[in-house]
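Q: Right, I'll just put the structure down here and ask away after.
Residue numbers (the numbering used here), protein chains in the order written: chain H, 1 to 100; chain E, 1001 to 1280.
Quick look at the structure:
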């Protein structure tokens, strides 16, 4: 039980770090890309920044799920490996639905 | 309106401002901003509902990530419940994202109208069951949780009941999220609080965690189909983040009763407009 709780605490901290990194990186790219677009400076670079920011934004929650799968495998908590695996499978389904 | 036109500074500012207002209102009412942002983009700026929903989903992801990063570590978020229910929300959002590609704009508008009315009802009559067990030695079970409750200045615990109902509500929430561009917390939080035994704040924090991955399931489909444009999503995301940040400071401790009545009224007007304009 104690080991269980400390694992959960560690996972929560790691998840927080992943989400913070994704939020800050994508927002910074959005802000710089938008200012560049509005003032008309280096439009190609601005477009690239905005597109990359959006991809990072979209990749952040799935990254958080991947981190969770890894933690649950480490704890050999197979129920939660299965559940988080279903989430990843559904997201993969979205990618398939988006492009095929 | 041609969305592929180069973004002009005024349009970027308008989207940014709308995002800020929607984000602040969302925080004040305990909703996401999507329920206000989507109607603004589609009814005022004339975007197709699919584009509006896609932009709004991007803001939902940003809000979820920012809020959860801030809360991580304080035990309000129930990671286990979140991950069980995410299996249902992401399946729902996958199905909703596919459905959105197949149904007509008019159908989506009517559906938004129905959901706006439902949200207005929830905003006015939100239940707040405490659901807490004050004895901290009680085992909350595999899915239950324990956190520091400010009201009673103590560590409290709770048990989670009726998991199948929570899963069903999460599936529907995921579905509606993808179809209409809202987070879906408005469906999950009342169910988790009223019927599944979770304290309101734990239910809200857990829902905030879930809506990120849920919205991503829908947003990926819109992105791949060309309905999610970085130039339009960027100002909306930045606006909503500024708005939620400011809203969390402005409304701290303030009474929001009049605001609830005002927003419920606006939602009813939104619903009427969505129905009236669904045939155009």
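Here a beta-carbon is modelled for each residue, glycine too, at the ideal position from N, C-alpha and C.
Once DSSP output is grouped into helix, strand and coil, what is the label at residue 1125(E)?
A: If DSSP states are grouped into helix, strand and coil, residue 1125(E) belongs with coil.
Q: Whose C-beta lies closer than 6 Å to the C-beta of residue 1024(E) among residues of the same chain, with five residues either side of it excluded?
A: Excluding residues within five positions, the ones whose Cβ falls inside 6 Å are 1243, 1246, 1247.
Q: Express the C-alpha separation of residue 1181(E) and residue 1041(E) in angstroms, rounding to a whole number.
A: Taking the straight line joining both Cα atoms gives about 11 Å.
Q: Of all Cβ atoms in chain E, is any one closer than 8 Å to the Cβ of residue 66(H)?
A: Judged by the 8 Å Cβ criterion, residue 66(H) is not in contact with chain E.
Q: Under 8 Å between beta-carbons, which chain H residues line up against residue 1202(E)? List them in chain order, please.
A: Those within 8 Å of residue 1202(E) in chain H number zero; the least Cβ separation is about 13 Å.
Q: What is the DSSP secondary structure of residue 1146(E), counted as helix, strand or coil?
A: In the structure shown, residue 1146(E) sits in a strand (DSSP, three-state: E or B).
Q: Please report the distance separating the alpha-carbon of residue 83(H) from that of residue 1009(E).
A: Rounded to whole angstroms, residue 83(H) to residue 1009(E) spans 44 Å at the Cα level.
Q: Any beta carbon of chain E sitting closer than 8 Å to that of residue 101(H)?
A: Outside the modelled stretch of chain H, which goes from 1 to 100, sits residue 101(H), for which no answer is possible.
Q: Could you list which residues in chain H have their beta carbon closer than 8 Å to that of residue 1225(E), in chain order?
A: Going along chain H in sequence order, the residues near residue 1225(E) (Cβ under 8 Å) are 98.
Q: Roughly how many whole angstroms lie between the Cα atoms of residue 1130(E) and residue 1228(E)?
A: Roughly 40 Å between the two C-alpha positions.
Q: What do you get for residue 74(H), buried or exposed, if any count of 16 or more other CB atoms within 10 angstroms of its CB means buried?
A: The residue in question, residue 74(H), is exposed, as its Cβ has fewer than 16 Cβ neighbours within 10 Å.
Q: Are the C-beta atoms of residue 74(H) and some chain E residue less than 8 Å apart?
A: No, its Cβ sits nowhere closer than 8 Å to a Cβ of chain E.
Q: Do residue 1230(E) and residue 50(H) come within 8 Å of each other at the CB atom, strictly closer than that value?
A: Their beta carbons are under 8 Å apart, which means residue 50(H) touches residue 1230(E) by this criterion.
Q: Using a cut-off of 9 Å between C-beta atoms, extract the partners of residue 6(H) located in chain E.
A: Within chain E, no residue comes near residue 6(H); the closest Cβ sits about 13 Å away, beyond 9 Å.
Q: Between the alpha carbons of residue 36(H) and residue 6(H), how many angstroms are there, rounded?
A: Between residue 36(H) and residue 6(H), the C-alpha separation is close to 45 Å.
Q: Let me confirm a value: residue 1257(E) is counted as buried when at least 16 other C-beta atoms fall within 10 Å, else exposed. Which label applies?
A: Exposed, since its Cβ has fewer than 16 Cβ neighbours within 10 Å.
Q: Please confirm if residue 45(H) has its CB atom under 8 Å from at least one CB of chain B.
A: Chain labels in this structure do not include chain B; the protein chains are H and E.
Q: In three-state terms, what does DSSP make of residue 24(H)?
A: DSSP places residue 24(H) in helix when its eight states are reduced to three.
Q: Starting from the beta carbon of residue 1191(E), find every residue of chain H whose beta carbon is closer than 9 Å, and list them in chain order.
A: Those do not exist, as residue 1191(E) stays about 19 Å from chain H at its closest Cβ, beyond 9 Å.
Q: Could you give the distance in angstroms between the alpha-carbon of residue 1235(E) and the alpha-carbon of residue 1141(E)?
A: Answer to the nearest angstrom: the Cα atoms are 44 Å apart.
Q: Quick one: what's got a C-beta closer than 7 Å to residue 1106(E)'s C-beta in the same chain, skipping five residues either side?
A: Cβ neighbours of residue 1106(E) beyond the five flanking positions: 1278, 1279.
Q: Once the 5 residues before and after residue 1(H) are set aside, which same chain residues still bring their CB inside 8 Å of it?
A: With a pLDDT of 41 at residue 1(H), under the threshold of 50, the modelled position of this residue cannot be trusted, and the question is left open.
Q: How long is the line joining the alpha carbons of residue 1282(E) and residue 1271(E), rounded to whole angstroms?
A: Absent from the structure is residue 1282(E), since the part of chain E shown begins at 1001 and ends at 1280.
Q: Using beta carbons (cut-off 8 Å, strictly below), is residue 1004(E) in contact with chain H?
A: Model confidence at residue 1004(E) stands at a pLDDT of 45, short of 50, so the residue's coordinates are unreliable and nothing is read from them.
Q: Just curious, the beta strand (DSSP E) that residue 1158(E) is in, first and last residue?
A: 1154–1158 is the span of the beta strand (DSSP E), which, as asked, contains residue 1158(E).
Q: How about residue 1147(E) and residue 1156(E): are their beta carbons less than 8 Å apart?
A: Cβ atoms of residue 1147(E) and residue 1156(E): closer than 8 Å.
Q: May I ask you to list, following chain order, the residues of the segment 1231–1242 of chain E that have a beta carbon less than 9 Å from some beta carbon of chain H?
A: From the segment 1231–1242 of chain E, only 1231, 1233, 1234, 1235, 1237, 1238, 1241 have a Cβ closer than 9 Å to chain H.
Q: For the alpha helix (DSSP H) containing residue 1072(E), name the first residue and the last one.
A: No alpha helix (DSSP H) contains residue 1072(E), which DSSP labels as neither H nor E.
Q: Just list the alpha helix (DSSP H) runs in the segment 1032–1070 of chain E, keeping only unbroken ones of 4 residues or longer that don't cross its boundaries, in chain order.
A: Those alpha helix (DSSP H) runs which fall completely within the segment 1032–1070 of chain E and span 4+ residues are 1034–1039.
Q: Determine the DSSP secondary structure at residue 1133(E), reduced to helix, strand or coil.
A: In this structure, residue 1133(E) counts as strand in the three-state DSSP scheme.
Q: Quick check: the Cα distance between residue 99(H) and residue 1074(E), rounded to an integer number of angstroms?
A: The alpha-carbon atoms of residue 99(H) and residue 1074(E) are separated by roughly 39 Å.
Q: Going along chain E, which residues have a C-beta under 7 Å from residue 86(H)?
A: Those within 7 Å of residue 86(H) in chain E are 1087.
Q: Compile a chain-ordered list of the residues in the segment 1010–1029 of chain E whose CB is closer than 8 Å to at least one CB of chain H.
A: Those would be 1012, in chain order.
Q: Using a Cβ-Cβ distance cut-off of 8 Å, determine whether residue 56(H) contacts chain E.
A: No, its Cβ sits nowhere closer than 8 Å to a Cβ of chain E.
Q: Cβ closer than 9 Å: which chain H residues qualify as neighbours of residue 1083(E)?
A: Here the neighbours are 65, 68, 72, 80, 83, 84, 87.
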